[in-house]
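According to my numbering, the sequence shown is numbered sequentially starting from 2. All residues carry an ideal CB built from backbone N, CA and C; glycine is no exception. Values in this document were obtained by computation on a predicted structure and should not be read as measured data. Have a look at the structure below before the remarks.
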Amino acid sequence: MARSLLLSLTLAFLFAGMVSARDWNILNQLKGTTTTTKTSQTGVTSLKAPNLNGYCESWRVNVELNNIRDFKVVPQECVWFVQKYMTSSQYEDDVERAVDEAILYLGKTCCEKKTCDGMDAWIFDIDDTLLSTIPYHKSNGCFGGEQLNTTKFEEWQNSGKAPAVPHMVKLYHEIRERGFKIFLISSRKEYLRSATVENLIEAGYHSWSNLLLRGEDDEKKSVSQYKADLRAWLTSLGYRVWGVMGAQWNSFSGCPVPKRTFKLPNSIYYVA
């Protein structure tokens with residue numbers, strides 16, 4: 002009898018675990034585990050606290066997958082979650098995994114330093130790809146909870162105090178030492194060039210082929226179109242763009258499509 006009871010309890014425990022794991026998704030959290038306080042005046046729906054972690058993680062992941070687009074601010078109930086992730090060891094581990102995958106991919110390319118003809122290229126974005134903006138968000142306490150104050154943000158960029166994104170200096174020089182020409186394509190404005198160059202060198206980056214920033218004419222374009230146009234320009238010069246790495250999807254959209262893209266995590270803001 003004791004054996005039968007133990008078996009029954011074990012099966013019940015396993016079944017409960019399977020059900021809870023299977024049911025863990027954003028729709029069930031919104032439909033089955035929310036407290037509705039909807040009124041004709043406000044129409045507010047709030048999540049019960051135990052399910053907030055799951056909801057915010059689902060939101061963050063869907064931002065990274067580019068399913069959630071064009072958001073102006075992080076949902077207020079998830080700002081703390083985004084901050085926790087972006088300042089965690091998990092974020093650094095996720096960046097490291099992307100770096101490792103990029104290095105594996107490099108081994109499959111035909112570019113080796115002894116045989117390269119100088120026309121093999123790699124593109125990096127700058128903010129939250131090579132240089133981290135996390136210190137800015139820490140000092141301003143927003144982490145996406147408010148629309149980015151571009152004036153204050155550009156003042157911070159101009160200070161040249163951004164540290165390197167973890168593990169990215171290693172990848173940068175791995176690519177450079179293999180003989181690739183490195184192009185830095187950023188949505189930073191042209192007047193920030195001197196501060197950007199000094200900041201990059203201070204953080205451990207050097208010997209890039211070109212640093213491309215937005216001029217006055219580029220301000221009329223979306224960021225994605227601006228970056229696509231520069232990729233097209235490089236291709237027209239005969240460069241083979243083997244890879245593009247960035248923290249925003251605008252680094253990859255449009256034509257020509259690079260051979261390979263590597264997205265770094267960043268759910269603090271969205272730039273089209």
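Here ILE104 carries a helix assignment [DSSP, helix/strand/coil]. CYS143 is classed as buried because its beta carbon has at least 16 other beta carbons within 10 Å across all chains shown. DSSP, read as helix, strand or coil, puts PHE82 in helix. For SER223, there is no enclosing beta strand (DSSP E), as DSSP marks it with neither H nor E. For VAL245 against HIS168, the beta-carbon gap comes to about 17 Å, at or over 8 Å, which does not count as contact. Taking one beta carbon from each stretch, the region 219-229 and the region 244-261 have 3 or more pairs nearer than 8 Å; the two touch.
The C-alpha of VAL74 is placed about 6 Å away from the C-alpha of GLN148. Taking 8 Å as the upper bound for CB-CB distance, ASP121 and TRP243 are in contact here, some 6 Å apart. Taking the Cα positions, GLY255 is about 14 Å away from GLY247. Here ARG189 really is in contact with ILE127; their C-beta atoms are around 6 Å apart, less than 8 Å. Boundaries around ILE183 are those of the beta strand (DSSP E), 182-190, since no alpha helix (DSSP H) includes it. In this structure, the beta-carbon distance from TYR137 to TYR173 does not fall below 7 Å. Counting along the chain, LEU53 sits inside the alpha helix (DSSP H) bounded by residues 53-65. In the structure shown, TRP250 adopts helical secondary structure according to DSSP, grouped into three states. Judged by DSSP in its simplified three-state form, PHE154 adopts helix. Rounded to whole angstroms, CYS57 and THR152 show a C-alpha spacing of 29 Å. Non-local beta-carbon contacts of TYR240 in its own chain, meaning distances under 6 Å to residues more than five positions away in sequence, involve MET120 and ALA122 in chain order. It is roughly 27 Å from the alpha-carbon of GLU156 to the alpha-carbon of VAL96.
The C-beta of TYR192 has fewer than 16 other C-beta atoms within 10 Å across all chains shown, which makes the residue exposed. The bridge partners DSSP lists for ILE124 are PHE184 and VAL245. Apart from the 5 residues on each side of it in sequence, TYR270 sits with its Cβ closer than 7 Å to the Cβ of GLY145 and LEU149 in its chain, given in chain order.
Within a 10 Å sphere around the beta-carbon of SER160 sit fewer than 16 other beta-carbons, which makes this residue exposed. By the neighbour-count definition (other C-beta atoms within 10 Å, threshold 16), VAL64 is a buried residue. In the displayed model, ASN200 falls within a helix according to three-state DSSP. The three-state secondary structure of ARG179, taken from DSSP, is coil. Contact annotation: ALA163 and SER133 have beta-carbon atoms nearer than 7 Å. Put simply, the backbone Cα of GLY55 is about 27 Å away from that of SER140. Per the C-alpha coordinates, the member of ARG61, ASN67, GLU102 and ASP94 positioned closest to GLN84 is ARG61.
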